[in-house]
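Asker: I have a structure here, written as structure tokens, and I will follow up with some questions on it.
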Amino acid sequence: MKRRRYLSICVGAVFALACFASSIPSAHAENKVEPIAIHYPDGYNTKLDNQGDYRIENGRFMLWAGYVARILPFAVASKGVYYLNNVQTLQIDTIDLDAPGERRKGFTIAIGEKKFTDYVRNQTIAISQPAELINGRVYVPLRTIAEAYGSVVQYTKSSNGTTISIQSSNK
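If you're matching positions, the sequence shown starts at 912 in our numbering and goes up one per residue.
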């Protein structure tokens, strides 16, 4: 009789723990990101579905710098997107058309600054949200940079996720 009662208590405890554990969201569920599709002006499409591809900061869409090259109005050099740790600056290099095979500075943005410098057009452009460095990745405000180069950005939300269409108005 004692054995049966002990077994009933153990089974009840295991059941209660299982119910409690299933009500706690798993770490995997918390890291799930909403898929976002980006349609670039050049016709290229990409899908952002990794935790580090983008962030929403103060209601602004911050894009990992690796995806920004396609909205710039110049050809980005191979492996031309990198972070300069000593000066905390993202630099994107362009192909130097005056010296084939060479590259030069095309675009820089310092972490925390609300402006970026375009060396191709020789201008500094103010932006609404500063670049951020988080876990070794630089994030920049997509809409502000795209609009600085004359593109129109549209967001469309559906049950399948969000689509961002970037259209160049410089056609």
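The beta carbon of each residue, even a glycine, is placed where N, CA and C say it ideally should be.
Starting from Gly1072, follow its DSSP beta bridges and name the residues at the other end.
Answerer: Per DSSP, Ser1069.
Asker: Looking only at its own chain, which residues have a Cβ that is under 6 Å from the Cβ of Ile1075, when we skip the five neighbours before and after it?
Answerer: Correct list, in chain order: Ile949 and Tyr1066.
Asker: Return the residue from the list Glu1013, Glu1024 and Ala1057 that minimises the CA-CA distance to Thr1000.
Answerer: Residue Glu1024 is the option with its Cα nearest to Thr1000.
Asker: Using 8 Å as the cut-off, can you tell me whether the segment 983-1003 makes contact with the segment 955-965, which would need three or more C-beta pairs spanning the two stretches below that distance?
Answerer: Because the criterion of three Cβ pairs below 8 Å is not met, the segment 983-1003 and the segment 955-965 do not touch.
Asker: So the candidates are Lys1016, Ile1020, Val1031 and Ala1010; which of them puts its Cα closest to the Cα of Tyr1050?
Answerer: Comparing Cα positions, the closest option is Ile1020.
Asker: For Val1063 versus Gln1040, is the C-beta spacing smaller than 8 Å?
Answerer: No, the pair does not count as a contact, with Cβ atoms beyond the cut-off.
Asker: Per the DSSP calculation, Asn956 is bridged to which residue(s)?
Answerer: According to DSSP, Asn956 bridges with His950.
Asker: Whose CA, out of Ile947, Pro952, Val1031 and Phe985, lies closest to the CA of Trp975?
Answerer: Ranking the options by Cα distance to Trp975, first place goes to Ile947.
Asker: At which residues does the alpha helix (DSSP H) containing Leu1053 begin and terminate?
Answerer: It spans Leu1053 to Ala1059 - the alpha helix (DSSP H) in which Leu1053 sits, taken as one unbroken run.
Asker: I need the straight-line Cα distance from Ile1003 to Arg971, nearest angstrom please.
Answerer: Whole-angstrom Cα-Cα distance: 22 Å.
Asker: Please identify the residue among Val1031, Lys1026, Gly991 and Glu1043 whose C-alpha is closest to the C-alpha of Asp1009.
Answerer: Closest option to Asp1009, Cα to Cα, is Val1031.
Asker: Is Thr1005 near Val987, with beta carbons less than 8 Å apart?
Answerer: Taking 8 Å as the Cβ cut-off, Thr1005 and Val987 qualify as a contacting pair.
Asker: Suppose the cutoff is 7 Å on Cβ atoms and the five residues either side in sequence are ignored; what does the same chain contact list for Tyr955 look like?
Answerer: Once the five neighbours on either side are set aside, the close Cβ partners of Tyr955 are Arg981.
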